[in-house]
Amino acid sequence: MASLPAVLQSEWTKIRTVSSTIWTLAAAFLVTVAVSAALCALFRSTFDDLSPAQRLTFDPTLASFSGMTLGQLAMVVFGVLVVGTEYSSGMIRTSLAAVPQRGTFLFGKLAVATVLALAVGMATSFAAFFLGQALLGEHRTTIGAENVLRAVVGGGLYMGLIALFSMAVATMLRSSMLSLGILMPFFFLVSQILAAVPKAKTVARYFPDQAGARIMQVVPDALGGTKVPYGPWEGLGIMLIWVLVALAGGYAVLKRRDA
Amino acid sequence: MTRSRWGWRMIEAVGLTKRYGAKTAVYNLSFQVRPGTVTGFLGPNGAGKSTTMRMILGLDTPTEGKVTIGGLPFRQTPNAPRQVGALLDAKAVHGGRSARNHLLSLAQLSGIPARRVDEVLGVVGLQDVARKRSKGFSLGMGQRLGIAAALLGDPQVLLFDEPVNGLDPEGILWVRNLMKRLASEGRTVFVSSHLMSEMALTADHLIVIGRGQLLADMSVTDFISTNSADFARVRTPDGEPQSREKLSAALSGAGAQVLTEPDGALRVTGLPLPRISDLAHGSDVRLWELSPHRASLEEAYMRMTQGAVDYRSTVDQKAGLTQQPQPGFGAPRQQIPEVPQQGFYAPPPPGSYAGAPAAAQAAPTAAAPADPTKPEDPR
Chain P
1 MASLPAVLQS EWTKIRTVSS TIWTLAAAFL VTVAVSAALC ALFRSTFDDL SPAQRLTFDP
61 TLASFSGMTL GQLAMVVFGV LVVGTEYSSG MIRTSLAAVP QRGTFLFGKL AVATVLALAV
121 GMATSFAAFF LGQALLGEHR TTIGAENVLR AVVGGGLYMG LIALFSMAVA TMLRSSMLSL
181 GILMPFFFLV SQILAAVPKA KTVARYFPDQ AGARIMQVVP DALGGTKVPY GPWEGLGIML
241 IWVLVALAGG YAVLKRRDA
Chain E
260 MTRSRWGWRM IEAVGLTKRY GAKTAVYNLS FQVRPGTVTG FLGPNGAGKS TTMRMILGLD
320 TPTEGKVTIG GLPFRQTPNA PRQVGALLDA KAVHGGRSAR NHLLSLAQLS GIPARRVDEV
380 LGVVGLQDVA RKRSKGFSLG MGQRLGIAAA LLGDPQVLLF DEPVNGLDPE GILWVRNLMK
440 RLASEGRTVF VSSHLMSEMA LTADHLIVIG RGQLLADMSV TDFISTNSAD FARVRTPDGE
500 PQSREKLSAA LSGAGAQVLT EPDGALRVTG LPLPRISDLA HGSDVRLWEL SPHRASLEEA
560 YMRMTQGAVD YRSTVDQKAG LTQQPQPGFG APRQQIPEVP QQGFYAPPPP GSYAGAPAAA
620 QAAPTAAAPA DPTKPEDPR
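Residue numbers (this note's numbering), protein chains in the order written: chain P, 1 to 259; chain E, 260 to 638.
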């Protein structure tokens, strides 16, 4: 029986030997940090144009994560490709012929990719925070301020969970194209738009990304946002439930379907 | 559980059935694959060979029945890669990964040292491109990489699905010798192919399926003696259809089975050559040809699977593409109106290159230019 350490070692070899890993993770890092930095600089220069309410609830921490909406898409691509290329290349048959225990295979694979995504997510989160604060000038906050460290660590966790969610969805759909075709518009458009529509936002706030992103706020209802009926950790918990459900679905599909 | 020295390497299918919705890919297949010999797994495209292979490897779950390796379903086999090696699909690799890293990731799954990776790369002759991305590999190089993956764990049971596809003649010979050597070391070698000619040279034992059902399970020697039929080809002078009819009637009267080939020659079974000559002489018919013909294994196989070919080619009519044949350039093939379906041969399986000579031998007109003015035999 292929043991878990063997699967982990093998999956690490697989993930570090394809260039898509480097490109997607680097894109997640660079896009998040660069867009966040740009928006922070913009906030600083246009701070006086903000409405008084927005100025009062300005959340410098959240501002330094504003690029994550875009950067998370690269994480989605990373997560989808890690699983999806097994199917598109047919490698899944070679893999499963070598590891007949499908549960071991799947969770070994996802564990390796998630740890990597978490590590990059944390680096992204901290880099985006410090660069963003430096650019915010007098509006900045510090890592030592109340709840700020939680938000920054939460940003890293959020990135990791987005990647894991994408992997689980790709396992269910067994196709990179299909998964990207669903996840990209969902995270980039559907979720963002619905969260801004008056009636729909009561539902949209329970979407994985909307709920999970709550952890990155230090000031509740920042920038004139609406109240949400859950706290930061509850929000992350809601996201985690989404991830676990997707994982269960992916596992069921892999277990039952023919490879 | 004690198993005999043979038992733990044997592949055994019992009542194996696989349905995909309404389509039955494999139906009630039972066979055994024994160690120490190369067992050929033959069937036309779409006969269910790959499905069966995938079921053996636990990738597809049988609808009914079961298949075991050494008495255990594959998914319960401990340390499977050290027991069973398989080449399923040459292109089933991530194109962005180098050959060496691909094999390394597989080796690490079962605790095989990296040294062994370089070893098998040498065995299959890919050591020079080991660090190149497999995206740029030809089909033949892909096959070699797949074979390397199968050999990685030095397994006692080996499965190869169409291993010679895309290989050059040197590569085909190499695979043939490799299979034989692996079997002579006492391993179980199960090789699928749609090419009878290839299997005739490689395999000792044959399992033939068509439309998912077992057609034959016997040694190659038995297969030849059971399925090859000798016949005589008789040709009467061109432009004298009446003498051909006369001879045909006389031969049938003497108890022979007579079939007309597309070019008008007769295939006669059931009568020795001298008797045919006597009958021709007796009915006052001149003969332009009277030749003995021994059906090749290829033909025997095609005859057996003829009813079970899923993808049969039709004559390309090129309707609407050409107004009339260009003199001197018209493709002769398209002018042959009909190939008699009850005849002796089936068209070669699509993609069959080695099958072509045998098919051409069986049907000389298929390749020869046909005279459009010549009246075709109504049969």
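The beta carbon of each residue, even a glycine, is placed where N, CA and C say it ideally should be.
These numbers were taken from a predicted model, which means no experiment stands behind them.
Report task. Per DSSP, which residues does Y279 (chain E) bridge with? Please list them. Result -> By 1-based counting over the second sequence, the position of residue 279 (chain E) is 20. Beta-bridge pairing links Y279 (chain E) to E:K282.
Query raised in the report: Nearest-angstrom Cα distance between N287 (chain E) and D258 (chain P)?
Result: Your numbering for residue 287 (chain E) matches position 28 in the second sequence. Your numbering for residue 258 (chain P) matches position 258 in the first sequence. Roughly 19 Å separates the two Cα atoms.
Query raised in the report: What's the gap between the Cα of S478 (chain E) and the Cα of D463 (chain E)?
Result: Working through the second sequence from its first residue, we reach residue 478 (chain E) at position 219. Working through the second sequence from its first residue, we reach residue 463 (chain E) at position 204. Whole-angstrom Cα-Cα distance: 6 Å.
Query raised in the report: Around the C-beta of V245 (chain P), are 16 or more other C-beta atoms found within 10 angstroms, so that it is buried, or is it exposed?
Result: Within the first sequence, the letter at position 245 stands for residue 245 (chain P). So V245 (chain P) ends up on the exposed side.
Requested in this report: Look up M477 (chain E) in the DSSP assignment and give the residues it is bridged to.
Outcome: On the second sequence, residue 477 (chain E) is found 218 positions in, with the first residue counted as 1. BP columns for M477 (chain E) point to E:L465.
Query raised in the report: Should T336 (chain E) be flagged as near chain P, meaning a C-beta pair shorter than 8 Å?
Result: For the purposes of this step, residue 336 (chain E) is identified with residue 77 of the second sequence, where counting begins at 1. Yes, its Cβ sits closer than 8 Å to a Cβ of chain P.
Requested in this report: Assign R359 (chain E) to one of two classes, buried (16 or more other C-beta atoms within 10 Å of its C-beta) or exposed (fewer than that).
Outcome: Residue mapping note: residue 359 (chain E) aligns to position 100 of the second sequence, counting from 1. Buried, since its Cβ has 16 or more Cβ neighbours within 10 Å.
Query raised in the report: Is N147 (chain P) helix, strand or coil when you go by DSSP?
Result: On the first sequence, position 147 is the one that residue 147 (chain P) refers to. N147 (chain P): coil per DSSP, three-state reduction.
Query raised in the report: Is there a Cβ from chain E that is less than 8 Å from the Cβ of A6 (chain P)?
Result: In the first sequence, counting from the first residue as 1, residue 6 (chain P) sits at position 6. Yes, because at least one Cβ of chain E sits closer than 8 Å to the Cβ of A6 (chain P).
Query raised in the report: Could you give the distance in angstroms between the alpha-carbon of Q133 (chain P) and the alpha-carbon of A37 (chain P)?
Result: Within the first sequence, residue 133 (chain P) is the residue found at index 133, counting from 1. Within the first sequence, residue 37 (chain P) is the residue found at index 37, counting from 1. Cα to Cα, Q133 (chain P) sits roughly 9 Å from A37 (chain P).
Report task. Using a cut-off of 8 Å between C-beta atoms, extract the partners of D319 (chain E) located in chain P. Result -> Stepping through the second sequence from its first residue, residue 319 (chain E) is reached at position 60. By Cβ distance, chain P contributes D258, A259.
Query raised in the report: What residues from chain P crowd round H353 (chain E), counting only those whose CB sits closer than 7 Å?
Result: If you number the second sequence from 1, residue 353 (chain E) lands on position 94. By Cβ distance, chain P contributes V18, T85, S89, M91.
Query - Best match in P:L194, P:S19, P:L136, P:V120 for proximity to M159 (chain P) [C-alpha to C-alpha] - result: Working through the first sequence from its first residue, we reach residue 159 (chain P) at position 159. Residue P:V120 is the option with its Cα nearest to M159 (chain P).
Query raised in the report: When DSSP labels each residue in this structure, what does R494 (chain E) get in the three-state scheme?
Result: Here residue 494 (chain E) corresponds to residue number 235 of the second sequence, with the count starting at 1. Note: R494 (chain E) maps to strand in three-state DSSP.
Query raised in the report: To which residues does DSSP link H552 (chain E) through a beta bridge?
Result: Walking along the second sequence from the start, residue 552 (chain E) turns up at place 293. DSSP output for H552 (chain E) lists E:F490 as bridge partner(s).
Query - Cβ-Cβ separation, M239 (chain P) to L161 (chain P) (assumed contact under 8 Å), whole Å - result: Translated into the one-based positions of the first sequence, residue 161 (chain P) becomes position 161. Translated into the one-based positions of the first sequence, residue 239 (chain P) becomes position 239. Rounded, the Cβ-Cβ distance is 6 Å, consistent with contact.
Query - Proximity of A539 (chain E) and L546 (chain E) at Cβ, strictly below 8 Å - result: Taking the first residue of the second sequence as position 1, residue 539 (chain E) is located at position 280. Taking the first residue of the second sequence as position 1, residue 546 (chain E) is located at position 287. Yes, these two residues count as a Cβ contact at 8 Å.
Requested in this report: Please check the pair L380 (chain E) and A373 (chain E), which I expect to be a contact at CB under 8 Å, by giving their CB distance rounded to whole angstroms.
Outcome: As a working mapping, residue 380 (chain E) is identified with position 121 in the second sequence. As a working mapping, residue 373 (chain E) is identified with position 114 in the second sequence. That belief does not hold up - the Cβ atoms of L380 (chain E) and A373 (chain E) are roughly 11 Å apart, past 8 Å.
Report task. Run down chain E in chain order and give the residues with a C-beta less than 7 Å from the C-beta of K109 (chain P). Result -> Position 109 of the first sequence, counted from the start, is the residue given in the question as residue 109 (chain P). Simply none; closest approach about 11 Å.
Requested in this report: Please check if any C-beta of chain E sits within less than 8 Å of the C-beta of M1 (chain P).
Outcome: Taking the first residue of the first sequence as 1, we reach residue 1 (chain P) at position 1. Annotation note: pLDDT 49 at M1 (chain P) (below 50); position unreliable, coordinate value reported separately. Chain E contact via Cβ: present.
Requested in this report: Could you name the residues of the same chain whose beta carbon sits closer than 6 Å to that of M172 (chain P), not counting the 5 residues immediately before and after it, in chain order?
Outcome: Sequence index remark: in the first sequence, residue 172 (chain P) carries index 172 (1-based). The residues are G249, G250, V253.
**Report entry** Close-in-space but distant-in-sequence residues of the same chain around I306 (chain E) (CB under 6 Å, 5 per side omitted)
**Finding:** Translated into the one-based positions of the second sequence, residue 306 (chain E) becomes position 47. Residue 306 (chain E) is actually Ala in this sequence, not Ile. Contacts found: I468, G469.
**Report entry** For G71 (chain P) and T124 (chain P), believed in contact at Cβ under 8 Å, the rounded distance
**Finding:** Working through the first sequence from its first residue, we reach residue 124 (chain P) at position 124. Working through the first sequence from its first residue, we reach residue 71 (chain P) at position 71. Yes, they are in contact, since the Cβ atoms of T124 (chain P) and G71 (chain P) sit about 7 Å apart, within 8 Å.
Requested in this report: Less than 8 Å between the CB atoms is what I'm expecting for A151 (chain P) and I215 (chain P), so what's the real figure, rounded?
Outcome: Here residue 151 (chain P) is taken as the residue at index 151 of the first sequence, counted from 1. Here residue 215 (chain P) is taken as the residue at index 215 of the first sequence, counted from 1. Right, their Cβ atoms sit about 6 Å apart.
Query - Residues of its chain near R403 (chain E), where Cβ-Cβ distance is below 6 Å and the 5 sequence neighbours each way are ignored - result: The residue you call residue 403 (chain E) lines up with position 144 of the second sequence. Excluding residues within five positions, the ones whose Cβ falls inside 6 Å are V383, L385.
Query - Boundaries (first-last residue) of the beta strand (DSSP E) holding L525 (chain E) - result: Translated into positions along the second sequence, residue 525 (chain E) becomes position 266. Segment 525-528, the beta strand (DSSP E) holding L525 (chain E).
Requested in this report: Determine the chain E residues that contact L96 (chain P) at a beta-carbon separation under 7 Å, and present them in chain order.
Outcome: Start at 1 with the first residue of the first sequence, and residue 96 (chain P) comes out as number 96. Neighbours of L96 (chain P) in chain E, taken as residues whose beta carbon is under 7 Å from its own, are L318 in chain order.
Requested in this report: For the alpha helix (DSSP H) holding L368 (chain E), just list the boundary residues, first then last.
Outcome: Here residue 368 (chain E) is taken as the residue at index 109 of the second sequence, counted from 1. Where L368 (chain E) is concerned, the enclosing alpha helix (DSSP H) stretches over 358-368.
Query raised in the report: Who are the Cβ neighbours of S502 (chain E) in its own chain at under 6 Å, not counting the five residues just before and after it?
Result: In the second sequence, counting from the first residue as 1, residue 502 (chain E) sits at position 243. The beta carbon of S502 (chain E) lies closer than 6 Å to those of T495, V544 in the same chain, with the five residues before and after it left out.
Report task. Classify G121 (chain P) as helix, strand or coil using the three-state DSSP reduction. Result -> Working through the first sequence from its first residue, we reach residue 121 (chain P) at position 121. Helix, per DSSP.
Requested in this report: Return the CA-CA distance between A6 (chain P) and P337 (chain E), expressed in angstroms with no decimal places.
Outcome: The residue you call residue 6 (chain P) lines up with position 6 of the first sequence. The residue you call residue 337 (chain E) lines up with position 78 of the second sequence. Rounded to the nearest angstrom, the two C-alpha atoms are 14 Å apart.
Report task. Could you tell me whether the segment 87-101 of chain P touches the segment 47-56 of chain P, using the rule of 3 or more Cβ pairs below 8 Å? Result -> no
Query raised in the report: Any chance the segment 334-348 of chain E sits against the segment 415-431 of chain E, with 3 or more Cβ pairs inside 8 Å?
Result: yes
Report task. Name the two residues that bound the continuous alpha helix (DSSP H) containing I535 (chain E). Result -> Residue numbering aside, residue 535 (chain E) sits at position 276 when the second sequence is read from its first letter. Start and end: 532-541.
Report task. Would you list the residues sitting across from G344 (chain E) in a DSSP beta bridge? Result -> What you label residue 344 (chain E) is simply residue 85 of the second sequence in a count that begins at 1. BP columns for G344 (chain E) point to E:L417.
Report task. Going by DSSP, name the residue or residues bridged to R102 (chain P). Result -> Sequence index remark: in the first sequence, residue 102 (chain P) carries index 102 (1-based). DSSP output for R102 (chain P) lists no bridge partner at all.
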